[in-house]
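**Q** Reminder that position 48 of the sequence shown reads as 191 in our numbering, one-by-one numbering, no gaps. Think of the CB as a built atom: it goes at the ideal place given N, C-alpha and C, for glycine as much as any other residue.
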Amino acid sequence: MPVLAKTVCTLGAARAAGAFELSHTVAVGNHGRGVKSPCGRDRKILAEYDPQIRVVMDSPQGLVSVLASDLLPFAYDYRAEQS
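1. Please report the straight-line C-alpha distance between Ala160 and Arg186, rounded to a whole angstrom.
2. Going by DSSP, which residues form a beta bridge with Val199?
3. Determine whether the beta carbon atoms of Leu206 and Ile196 lie at a separation below 8 Å.
4. Give every residue of the same chain whose Cβ lies closer than 6 Å to the Cβ of Glu191, excluding the five residues on either side of it in the sequence, and list them in chain order.
5. Out of Gly177, Val198 and Ser212, which one is the CA nearest neighbour of His167?
6. Just checking my contact of Ala170 with Pro194 at CB under 8 Å: how many whole Å lie between their CB atoms?
In structure tokens:
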């Protein structure tokens with residue numbers, strides 16, 4: 144299953160279980176592939192779901208935790224539009 148489908152399913156399952164304020168997310172590949180960085184579509188989904196959610200991802204310096212909003216600058220902000 145592509146990571147995108149897992150991102151959408153994971154966020155939906157968390158919401159259905161009552162988790163409304165997630166703080167972090169991380170994608171881990173199967174077969175020992177380690178932590179994976181989100182693709183552009185996943186970054187968009189995460190930034191729209193909650194721009195302040197922290198995304199744990201791999202970098203040349205090792206694992207880092209960054210805001211979803213930093214992964215997708217100038218993204219549409221649903222919450223800001225509701226104000």
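**A** The answer reads as follows:
1. 22 Å
2. Val169 and Ser208
3. no
4. Tyr221
5. Val198
6. At roughly 18 Å, the Cβ-Cβ gap does not stay under 8 Å, so Ala170 and Pro194 are not in contact.
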